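One structure is given below, encoded as structure tokens.
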Amino acid sequence: RALAAVGIIALAGYTAATGFAPTAAASLPPSRLPAGVSGAPQSLVPWDTLGEQGRRFVALDNAGQAIRTYVGVDSAPDPPARAALAVRELDRAG
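Counting from 1, position 51 in the sequence shown corresponds to residue 44 in this note's numbering; the numbering is continuous, with no gaps.
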């Protein structure tokens, strides 16, 4: 119990310090994302392949209309394929 309490306190501290709950972006439905980000319905990169940090990155709303492209490890089978997918996703997003 004490260890669980420490974990909860640490998570609360992280959330307060960063203003972002680590799992908040993971629960954001892709349909609410702007078209210019990876994981959106129009994206070449499926939302569920981005991983938690990728979903967090593309869901940030402090950069206005920035294009946010992220390709997760599960988005393509190997590094060259992920790089090619990232370039295609940048082209798609504009």
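For every residue, glycine included, the Cβ atom is placed at its ideal position computed from N, Cα and C. All of these numbers come straight from a predicted model, not from anything done at the bench.
Using the beta-carbon count (16 or more within 10 Å), is residue i buried or exposed?
{"i": "Gly87", "result": "exposed"}
{"i": "Ser24", "result": "exposed"}
{"i": "Ala26", "result": "The question names Ala, but residue 26 in the sequence shown is Leu. Flag for Leu26 reads buried."}
{"i": "Pro15", "result": "Because the pLDDT at Pro15 is just 49, under 50, the model does not fix this residue reliably, and the point stays unresolved."}
{"i": "Ala28", "result": "exposed"}
Per DSSP, which one or two residues make a beta bridge with residue i?
{"i": "Arg61", "result": "Val30"}
Taking 8 Å as the limit between beta carbons, can you name the residues of its chain near residue i, skipping five residues before and five after?
{"i": "Gln46", "result": "none"}
{"i": "Ala77", "result": "Ala69"}
{"i": "Gly44", "result": "Gly65, Val66 and Asp67"}
{"i": "Arg119", "result": "Here the chain covers residues -6 to 87 and nothing more, so residue 119 does not appear."}
{"i": "Asp71", "result": "none"}
Kindly list the residues whose CB is nearer than 6 Å to the CB of residue i, restricted to its own chain and excluding five residues on each side of it in sequence; keep chain order.
{"i": "Val64", "result": "Val38, Arg75, Leu78 and Ala79"}
{"i": "Asp67", "result": "Thr42"}
{"i": "Ile60", "result": "Gly29 and Ala86"}
{"i": "Trp40", "result": "Pro23 and Gly32"}
CB-CB under 7 Å to residue i, same chain, minus the five flanking residues each way: which ones, in chain order?
{"i": "Thr62", "result": "Ser31, Ala79, Glu82, Leu83 and Ala86"}
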